[in-house]
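Numbering (the UniProt record's numbering), first residue to last: 1 to 374.
Ideal Cβ placement from N, Cα and C applies to all residues, glycine included.
Since the structure is predicted, the reported quantities are computational estimates derived from the model, not experimental observations.
Some notes on the structure that comes next.
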Ligand SMILES: Nc1ncnc2c1ncn2[C@@H]1O[C@H](COP(=O)(O)OP(=O)(O)O)[C@@H](O)[C@H]1O
Ligand SMILES: N[C@@H](CCC(=O)OP(=O)(O)O)C(=O)O
């Protein structure tokens, strides 16, 4: 999807709804907004478009139910609020969709579920089956078990990973601003709205550097990162004003609302997508100049001769980042050897591996099929 007119052909759409538009200024769920989104999504479904919702709002709703006026800082209190609030969130969607004749399903995921290849495939198969039965999956992070280590961290990123998982054509991020501005509009009243922009444009990083609202978690930074993750499956992202009348239908009809972030890359294979979305990096290998240049040409494996250093402790099969000697990230990949073994074979020809390790292994440190360029 490279332009607004393409959006009419969308077959699968992930819609992320942020806390900033889901709640009435933190005073409970905005039921009329939910009813309006649900009515629009029902129309998309009637046109044969698969829709997956990633919805925030559990913490905000939980706070209301528990009678708390300020967002707690203690992790356990946030987790408790999320578990109380998730009930209300799901009830609200369930009731609205019921009125339109559709069933909903609650899907709660952690980082671990998406980082483990088998569980990732299970999640995909379940969501696919729900869509086949015309059920609307409503996804949120499983905040109850998601501590710092386990969490994806924000629902913008979670929605992008889901877009990758399901090879969606479009990721719609509904928020409290008219779209992505060239600087934070809450800070700079002269900020200009961007209409269409290539997702990899470098000036976007600076434009997104402001913070988030009081209810949201990520601000524009996580939305930009999400758009870049989504682009790996060729998914276009739109950041749009969630409370605007008929926003979802208008966007699908190609109207110039919000900001369209156009993917530049050709979609990569599902396996490689999984690799890049896998956030749990265990260590780094540092490449010499020759290896750094070689792996940039796609289709090349990383050999021990090109590795100059290893950082961190990791086992065979784990994910590492490949950096050059200036610490710039070049690629990510699954290693054929542990950190200890790579340390022993680095800067050697592959023919030396058996002598150095005492066993015959693969000739590459990372095979090209398991290497994804950044
Ligand atoms: N360049 C920008 N364009 C638009 N909004 C921005 C920008 N930089 C920072 N923001 C902030 O991001 C906020 C939206 O993110 P967030 O509060 O996390 O909402 P949500 O709950 O929808 O995820 C906006 O209210 C805005 O203040
Ligand atoms: N799981 C959290 C979502 C936190 C989050 O990412 O919020 P937001 O930035 O509003 O999308 C909740 O439901 O409150």
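Could you tell me which residues DSSP pairs with residue i in its beta bridges?
{"i": "residue 241", "result": "175"}
{"i": "residue 332", "result": "321 and 372"}
{"i": "residue 181", "result": "193"}
{"i": "residue 106", "result": "138"}
{"i": "residue 29", "result": "23"}
{"i": "residue 223", "result": "None; residue 223 has no bridge partner."}
{"i": "residue 309", "result": "286"}
{"i": "residue 262", "result": "198"}
{"i": "residue 14", "result": "52 and 171"}
Can you tell me whether residue i is helix, strand or coil according to DSSP?
{"i": "residue 21", "result": "helix"}
{"i": "residue 302", "result": "strand"}
{"i": "residue 138", "result": "strand"}
{"i": "residue 236", "result": "strand"}
{"i": "residue 283", "result": "strand"}
{"i": "residue 210", "result": "coil"}
{"i": "residue 82", "result": "helix"}
{"i": "residue 113", "result": "helix"}
{"i": "residue 51", "result": "strand"}
{"i": "residue 290", "result": "helix"}
{"i": "residue 147", "result": "coil"}
{"i": "residue 2", "result": "coil"}
{"i": "residue 101", "result": "coil"}
{"i": "residue 366", "result": "strand"}
{"i": "residue 255", "result": "coil"}
{"i": "residue 271", "result": "helix"}
{"i": "residue 36", "result": "helix"}
{"i": "residue 155", "result": "helix"}
{"i": "residue 133", "result": "coil"}
{"i": "residue 63", "result": "helix"}
Using the Cα positions of residue i and residue j, report the straight-line distance between them to the nearest angstrom.
{"i": "residue 232", "j": "residue 225", "result": "11 angstroms"}
{"i": "residue 34", "j": "residue 54", "result": "13 angstroms"}
{"i": "residue 203", "j": "residue 20", "result": "25 angstroms"}
{"i": "residue 56", "j": "residue 18", "result": "5 angstroms"}
{"i": "residue 5", "j": "residue 254", "result": "5 angstroms"}
{"i": "residue 219", "j": "residue 211", "result": "5 angstroms"}
{"i": "residue 193", "j": "residue 236", "result": "18 angstroms"}
{"i": "residue 88", "j": "residue 197", "result": "37 angstroms"}
{"i": "residue 443", "j": "residue 354", "result": "With the chain running from 1 to 374 in the structure shown, residue 443 is simply not present."}
{"i": "residue 159", "j": "residue 348", "result": "42 angstroms"}
{"i": "residue 374", "j": "residue 64", "result": "42 angstroms"}
{"i": "residue 364", "j": "residue 307", "result": "11 angstroms"}
{"i": "residue 350", "j": "residue 164", "result": "35 angstroms"}
{"i": "residue 47", "j": "residue 137", "result": "17 angstroms"}
{"i": "residue 319", "j": "residue 342", "result": "14 angstroms"}
{"i": "residue 337", "j": "residue 371", "result": "14 angstroms"}
{"i": "residue 9", "j": "residue 167", "result": "14 angstroms"}
{"i": "residue 305", "j": "residue 332", "result": "18 angstroms"}
{"i": "residue 206", "j": "residue 101", "result": "44 angstroms"}
{"i": "residue 111", "j": "residue 28", "result": "27 angstroms"}
{"i": "residue 290", "j": "residue 300", "result": "12 angstroms"}
{"i": "residue 199", "j": "residue 129", "result": "31 angstroms"}
{"i": "residue 339", "j": "residue 152", "result": "26 angstroms"}
{"i": "residue 99", "j": "residue 38", "result": "9 angstroms"}
{"i": "residue 296", "j": "residue 275", "result": "17 angstroms"}
{"i": "residue 11", "j": "residue 51", "result": "9 angstroms"}
{"i": "residue 67", "j": "residue 262", "result": "42 angstroms"}
{"i": "residue 121", "j": "residue 317", "result": "18 angstroms"}
{"i": "residue 58", "j": "residue 23", "result": "10 angstroms"}
{"i": "residue 145", "j": "residue 127", "result": "21 angstroms"}
{"i": "residue 177", "j": "residue 240", "result": "7 angstroms"}
{"i": "residue 268", "j": "residue 70", "result": "43 angstroms"}
{"i": "residue 84", "j": "residue 281", "result": "32 angstroms"}
{"i": "residue 91", "j": "residue 116", "result": "30 angstroms"}
{"i": "residue 286", "j": "residue 325", "result": "6 angstroms"}
{"i": "residue 79", "j": "residue 292", "result": "43 angstroms"}
Checking 8 angstroms against the spacing of the C-beta atoms, do residue i and residue j come in under that value?
{"i": "residue 106", "j": "residue 249", "result": "no"}
{"i": "residue 82", "j": "residue 143", "result": "yes"}
{"i": "residue 223", "j": "residue 288", "result": "no"}
{"i": "residue 335", "j": "residue 329", "result": "no"}
{"i": "residue 314", "j": "residue 361", "result": "no"}
{"i": "residue 258", "j": "residue 358", "result": "no"}
{"i": "residue 162", "j": "residue 14", "result": "yes"}
{"i": "residue 173", "j": "residue 7", "result": "no"}
{"i": "residue 132", "j": "residue 123", "result": "no"}
{"i": "residue 108", "j": "residue 140", "result": "yes"}
{"i": "residue 147", "j": "residue 75", "result": "yes"}
{"i": "residue 195", "j": "residue 256", "result": "yes"}
{"i": "residue 366", "j": "residue 356", "result": "no"}
{"i": "residue 246", "j": "residue 95", "result": "no"}
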